[in-house]
Structures are given as C-alpha cells and as structure tokens.
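Residue numbers (the numbering used here): 34 to 154.
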C-alpha cells in the first residue's frame, strides 16, 4: 500500500539558467512535487499523519528564492532534498521542473527535468 501527496503546476518566477537574460529578467518555471508517504494517512484521518501541500509549495518557493541555479537539475534536486529534510513522512519524492520559455530555437511547449530521491539514496 502506498499513498501519495502531490502538487502539480506550481508556477514560480525565478532567475535560473545559464544565459545572462535568464538571470536578469527571470522566467516562469512550473514545478510538480510528488511524494510517496511512509504510512497511509487514511488510517487516522489526521493532518499530522500526512504532508501539507501548502508546505510543499512554500519549500519550492523558498529554494527558488534563496539561490540562482545555472541548471534546473540542481534546482530540482535542492527542492527534493528540502522535502526529505523537512517532511519525515515522505519516503520518496519526485520533482519535475518545466521551463516553458527556454532560450532554444525550437518550438516546444516546455523543456524540463525530473529528479527522484528517496531516504535510501
């Protein structure tokens, strides 16, 4: 049995990227946070036995504001580590970072990365 708590499409304005325009002007990033829980929260119906998705959003916002990352891979990894550091009920987390305005010549909806981490890593 496995329960998940997730956030989809959290939109942040950040200054991450390798190009100077990305660092100066910033751009939108869309974040998904998918947490697999240690235990089923449904056993007790108590908030203390699950993960607050608002807190997950707050973590991603904080990580984005604290540092400017060259790579969205690093950005995603830092969010994943923050989730594991602050949410003891999470045994595995997957972070997706999508960049819809990547400075590339191709027509794409977005580019992005997925980083998965667990307590056993």
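Even glycine gets a Cβ: it sits at the ideal position worked out from N, Cα and C. Predicted model, so just to flag it, every value in this text is computed and none were measured.
Tell me whether residue 87 is buried or exposed, calling it buried when 16 or more other Cβ atoms sit within 10 Å of its Cβ. Its Cβ having fewer than 16 others within 10 Å, residue 87 is exposed.
Nearest-angstrom beta carbon gap, residue 130 and residue 109 [assumed within contact, 8 Å]: With 8 Å as the limit, residue 109 and residue 130 qualify as a contact, their Cβ atoms being about 5 Å apart.
With 16 other CB atoms within 10 Å as the buried threshold, where does residue 99 fall? With fewer than 16 neighbouring CB atoms inside 10 Å of its own CB, residue 99 falls in the exposed class.
Taking only three categories from DSSP, how would you classify residue 129? Judged by DSSP in its simplified three-state form, residue 129 adopts strand.
Is the distance from the Cβ of residue 84 to the Cβ of residue 114 below 9 Å? Residue 114 is positioned such that its CB atom lies no closer than 9 Å to that of residue 84.
From residue 146 to residue 47, what does the alpha carbon distance come to, in whole angstroms? Each residue's alpha carbon lies about 16 Å from the other.
Distance between residue 40 and residue 53 (C-alpha atoms, nearest Å): Whole-angstrom Cα-Cα distance: 30 Å.
Quick one: which unbroken alpha helix (DSSP H) runs of 4-plus residues sit fully inside the segment 59–137? Chain order, please. Within the segment 59–137, the alpha helix (DSSP H) runs of at least 4 residues that lie entirely inside it are, in chain order, 86–99 and 105–119.
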